[in-house]
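Remarks on the structure that follows.
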Amino acid sequence: MKCITLILLMSTVTFLFGQDIPHSASPKNSKPQTKSDSYTPSPTRQFVVKKAPKHIILIIGDGTGLAQWSAYDAKRTQGDHTSTNGAIVFTDFPVLGLSFTPSSNSFITDSGAGATALSIGQKSQNSMVGLSNDSTSFKTLSEIAHQENKSTGIAVTCELTHATPAAFFAHQVSRELMLEIGKDFVTGSSIDVAMGGGKQYFDTAALVKAGYAVGTGEKAIIALQNQKRRVIFYDDRPSPPKAQEGRNSSGSYLEKASNSILRTMFQNPNGSFTMIEGSQIDWAGHDNDSVYLMAEMEDFDYTIREVLTMAKQQKNTLVVVSADHETGGLSLLGWDKDKKQPVMNFSSHHHSGIPVPVFAWGPGSEIFGGSYQNTEIFYKIKGLMELSNKKK
Ligand SMILES: [Zn+2]
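Here it is, written out as structure tokens:
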């Protein structure tokens, strides 16, 4: 599998700033192609941005393909195809890309390899987190940001040790090693603020010793707001409940957690990197449960609305919304008048191999257009972080 690498020309940053140059390199050989003249993509691609973002927010909808977004969009507009009040990614995000999701050993990725491609830019084997195909440990986007004195955050609606968040701070051959992943969080210490479930997988005394304020429950989100390094667990259960079963009884948990984290992130003059995950969209797909799916998509959409509102106030923040893979092989076959939602047909209880959309907003968003392997998202974000450092 070919891997396309992103290169930001650091030596010419000053020149490139403010220049409106096409962001993909033109093919060296521009003569018309014949049947015997196959086109080989350049192994490297050059991207040019007008402005580097200081703060970067990567929002992952686990298992969220175009069908999941389209179903929610139709439900939100109640089937009115002329409405301009649909899903936030369709109404407010100007840049759209496509991310191809296969892992190193399977056309159908799992969340471990899917998130690892985004976090370290390496195709990995299913079930691995933070490691390349041959089990080599690479620095994650969060670890790179931490090293550059940026603030880092994670907000999820699953266990903090679950595959997607784990890929941003842990390096383990199996996503099932949740206690080891919890230890990696403490020893790596690269995440400043984390909110989600999975308390049982953490040694809270070790967290405190490592300099974290630790709390449990939504009141702790408010009480510990001024602690720069904090871990707040949803409650004592392994994972937060479904949105429709109490998680959002006092408003969206993910929205509140994201708001709290970003308020801390935006205080750092060096910038920040935050990963936010709508984790249970995937679980609804596995269950082939359309009502569960719509509730999680609504929660995800509202969280993104809040993040975008905060990003707009900052003016120096990039927001990227994508997925690790699609779940359920979902297709939309009509409109269900009784349920007031599309007729959803799931073709699988597992993940599918279809590419997932990438929506981008803010400075640097222009380089997320086009289609590419999921690993390229890592290089784009890493390149923008480096550009932001260079500009200081
Ligand atoms: Zn899944």
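Numbering (this note's numbering), first residue to last: 5 to 396.
Note that the Cβ used here is the ideal one computed from N, Cα and C, for glycine as well.
Asked	Found
Run of the beta strand (DSSP E) containing residue 100, from where it starts to where it stops	99-104
Proximity winner among 171, 198, 62, relative to residue 237 (alpha-carbon distances)	198
Contact test: residue 331 Cβ vs ligand 1 heavy atom, cutoff 7 Å	yes
Cα-Cα separation between residue 210 and residue 183, rounded to whole angstroms	13 Å
Through-space distance from residue 110 to residue 301, alpha-carbon basis	27 Å
The beta strand (DSSP E) enclosing residue 175, as first and last residue numbers	Careful: residue 175 lies outside any beta strand (DSSP E) and carries neither H nor E.
Simplified DSSP assignment, three categories, for residue 164	coil
Whole-Å CB distance - residue 73 paired with residue 361, under 8 Å assumed	7 Å
Extent of the continuous alpha helix (DSSP H) run through residue 94	92-96
Residues near residue 351 in its chain [Cβ-Cβ closer than 8 Å; skip 5 each side]	332, 333, 334, 335
Straight-line Cα distance separating residue 282 from residue 304	6 Å
Euclidean distance between Cα positions of residue 213 and residue 191	11 Å
Residue 219 and residue 164 closer than 8 Å at C-beta	no
Whole-Å CB distance - residue 122 paired with residue 378, under 8 Å assumed	6 Å
Residue 115 Cβ short of 7 Å to ligand 1 heavy atom set	yes
Per DSSP, the bridge partner or partners of residue 340	345
Stretch pair the segment 83-103 + the segment 135-152: three plus CB contacts closer than 8 Å	no
Alpha helix (DSSP H) segment containing residue 62, residue limits	Element bounds for residue 62: not the alpha helix (DSSP H) but the beta strand (DSSP E), 59-65.
Limits of the beta strand (DSSP E) - the one that residue 278 falls within	276-282
Proximal residues to residue 319 (C-beta, below 7 Å), its chain only, five neighbours per side dropped	none
C-beta atoms of residue 156 and residue 328 nearer than 8 Å	no
Beta-carbon proximity check, residue 101 vs residue 375, cutoff 8 Å	yes
CA-to-CA distance, residue 148 to residue 127, given in whole angstroms	18 Å
Residues sharing a beta bridge with residue 236, DSSP	199, 219
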